[in-house]
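Counting in the numbering used here, the sequence shown runs from 9 upward without gaps.
We put the CB at the ideal spot given by N, CA and C, even for glycine.
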Amino acid sequence: MPRMTAARAAVEILRREGITNLFGLPGAAINPFYNAVRAQGELKHVLARHVEGASHMAEGYTRAKAGNIGVCVGTSGPAGTDMITGLYSASADSIPILCITGQAPVAKLHKEDFQAVDITSIAKPVTKWAVTVLEAAQVPGAFQKAFQLMRTGRPGPVLIDLPIDVQLTEIDFDPDLYAPLPIATPRATVAQAEKVLELLAESEHPLIVAGGGIINADAADLLVEFAELTGVPVVPTLMGWGTIPDDHRLMAGMVGLQTSHRYGNETLLASDLVIGIGNRWANRHTGGLDTYRAGRKFVHIDIEPTQLGRVFPPDLGIVSDARAALEVLIHVTRDKLVDGPMTDRSEWTAACHERKRTLVRRTDFDNVPVKPQRVYQEMNNAFGPDTRYVSTIGLSQIQAAQMLHVYRPRHWINAGQAGPLGWTGPAALGVAVADPEATVVALSGDYDFQFLIEELAVGAQFNIPYIHVVVNNAYLGLIRQAQRNFDMDYCVQLAFDNINTPELNGYGVDHVKVAEGLGCKALRVFEPDGILPALEQAKKLMVEHQVPIMVEVILERITNVSMGTELDNVVEFDEVRHPRPTVSGPRD
């Protein structure tokens, strides 16, 4: 039996589990693992500037492509604690990432040794499994179990903590005999699918709510097929955006209190049956449950048994992987079509389409300073259906979801539940590593951009190009809008007179100089007619220089974005207009 260090065995397992890329930072307690990576020679490594940034790069890498698992590596102590936000974000959105940390020697774990922290206890609430491996011979089994857990049931992250002496110990291990463990996938039954179709036959105005579980299961094609077979309109959640193209005749809009369309909310309120697939009934999707549930029945299909009934009891709950459920639903539907056509939904779908045509928000503002709506109009004009958008939180993300257009799964990549500031930039780098040929466009407000801004240097160093659109109002805009309920504007203003850049007129941080100082290219726009030319120039600069390109648009200081407390009480602060100039966006 071949002998090698436990660290080398871990590296060999990573390759056999399909891992090609690592994101992280070396350090004393994880150096044996890095030595094994160097000796093995097949894994690519991106050196982050902050371990939290590395964890978000791993998230972006996973989210970009079906089957990907991002791996984040760091040393002992603060490296592990820095990963916690990434683990939380991944756990909340059912994203598998593997975090590997170094640790003090086993004999020193209880002696308050330098950077010896009980990282497994810290990480357990935000992982599917967290373990400190105390015996070198258990390292292969720990990694084997980690990959099985990340892929089984509801996906999620794992942390493996490796004491330095465990990494250095030699063990008997033959990589050629290694095999991944089998994955158990729950599947809907024919009887359950028949009950769904029975409920469909009884309804007049059904909807499908398409959640992120459909994207995790790589089942968007089956969702569209099932919708077309049955004639049922689809409402994607924010995490499921792209499961059906925005311009598809059955795409009925997004629903919610913030990241929603006027027509989506009206269609949900007009429905009588909602079939949720791979979703979790998030509170910013549903709003008040009395309004959301009134007058309609619910089917909930989810891979995680404890999700069923967590928010409210469905009329029918089915534990199933989304792809497996859609396969059996399609099979049963096709069998029924042999006996005759499905219920005619043309009147219902026509009503949904009319709402989608008319209940739109205005984007064609010519104001100076720029109104943010105009930015999203020009992004629709500049970027085609292959664009991969990345965003996390704030008024920028909310309004982008209201006004941008997405046509494919994994082309809206968003930290849904956790929404950590600073996530966008490093996640975009992870997406760009996973799909080097894609046009990756990140979207941030100025505060999100300033968190983890140092990761721009990673894109410059490793030639990872993407475009980062920064909408700058020098405000914590979402918090300012929330503070209206308290009649205050407190600790949310970012504006100050920058003595080095007076042309900013009090907007504070000079993002152009910072981005250029970190090795990137940067453009700034003050007027609406300059947005599209800047975006077009950014595309050229990205190809020419192969580094991140920042496009900053200076916005009006205060914009109140459409949102509310109930689906039937979303406040529109600006006039609405029909038609919207870029209602479907460009199609190549």
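Quiz item: What first and last residue would you give for the alpha helix (DSSP H) that runs through Val319?
Solution: Per DSSP, Val319 belongs to no alpha helix (DSSP H) and is neither H nor E.
Quiz item: Just reading off the alpha helix (DSSP H) that Tyr474 is part of, what are its end residues?
Solution: Looking at the DSSP string, Tyr474 is not in any alpha helix (DSSP H), and its letter there is neither H nor E.
Self-check item: Asp456: first and last residue of the uninterrupted alpha helix (DSSP H) it sits in
Solution: Asp454 to Gln458
Self-check item: Arg369 beta carbon less than 8 Å from that of Met411
Solution: yes
Quiz item: Is it right to say Asn1 is buried, meaning 16 or more other beta carbons lie within 10 angstroms of its own, or is it exposed?
Solution: Since the first and last residues shown for the chain are 9 and 596, residue 1 lies out of range.
Exercise. Pair every Cβ in the stretch 284 to 294 with every Cβ in the stretch 260 to 274, then say whether three or more of these pairs are closer than 8 Å.
Key: yes
Quiz item: How long is the line joining the alpha carbons of Glu178 and Gly433, rounded to whole angstroms?
Solution: 39 Å
Quiz item: How about Val141 and Ala154: do their beta carbons lie closer than 8 Å?
Solution: no
Exercise. Sort Val466, Gly219, Asp497 and Thr357 by Cα distance to Trp420 and report the nearest one.
Key: Gly219
Self-check item: Reduced DSSP secondary structure (H/G/I, E/B, other) of Met12
Solution: strand
Quiz item: Does the distance from the C-beta atom of Pro556 to that of Pro428 stay below 8 Å?
Solution: no
Quiz item: What do you get for Arg492, buried or exposed, if any count of 16 or more other CB atoms within 10 angstroms of its CB means buried?
Solution: exposed
Practice problem: Could you give the DSSP three-state label for Ile191: helix, strand or coil? | Solution: coil
Quiz prompt | Per-residue DSSP class, three states only, for Asn480 | solution = strand
Self-check item: Terminal residues of the alpha helix (DSSP H) in which Cys107 lies
Solution: Run containing Cys107: none in the alpha helix (DSSP H); it sits in the beta strand (DSSP E), Ile105 to Gln111.
Quiz prompt | Own chain residues within Cβ distance below 7 Å of Ala209, not counting five before or after | solution = Thr351
Quiz item: So Phe181 is in the alpha helix (DSSP H); what residue range does that whole segment cover?
Solution: Taken as a continuous stretch (DSSP letters only), Phe181 belongs to no alpha helix (DSSP H), as it is neither H nor E.
Exercise. For Phe234, count neighbouring Cβ atoms within 10 angstroms of its own Cβ and tell me buried if that reaches 16, exposed if not.
Key: buried
Self-check item: Segment limits, alpha helix (DSSP H) that includes Ile92
Solution: Ile92 to Ala100
Self-check item: Reduced DSSP category for Val243 - H, G, I as helix; E, B as strand; rest coil
Solution: strand
Quiz item: Cβ of Val232 within 8 Å of Cβ of Leu215?
Solution: no
Quiz item: Opposite Gly267 in the DSSP bridges: which residues?
Solution: Note on residue identity: the sequence assigns Thr, not Gly, to residue 267. Thr267 pairs with nothing; no bridge assigned.
Quiz prompt | Alpha-carbon spacing of Asp582 relative to Pro253, whole angstroms | solution = 27 Å
Quiz item: Could you give the uninterrupted runs of the alpha helix (DSSP H) lying entirely in the stretch 418 to 462, keeping only those of 4 residues or more?
Solution: 432 to 442 and 454 to 458
Quiz item: Going by alpha carbons, who is nearest to Lys132 out of Pro313, Ala426, Asp169 and Gln554?
Solution: Asp169
Self-check item: Collapsed DSSP secondary structure at Gly26 in the structure displayed
Solution: coil
Quiz item: What three-state label does DSSP hand Lys529 in the structure shown?
Solution: strand
Practice problem: Answer yes or no: do Gly94 and Ser63 have a C-beta to C-beta separation smaller than 8 Å? | Solution: yes
Practice problem: Compare the Cα-Cα distances from Glu60 to each of Val479, Leu33, Pro393 and Val125 and report the closest residue. | Solution: Leu33
Quiz item: Which residue's Cα is closest to the Cα of Phe31: Phe457, Gly438, Asp374 and His553?
Solution: Gly438
Practice problem: Return the CA-CA distance between Leu185 and Asn29, expressed in angstroms with no decimal places. | Solution: 23 Å
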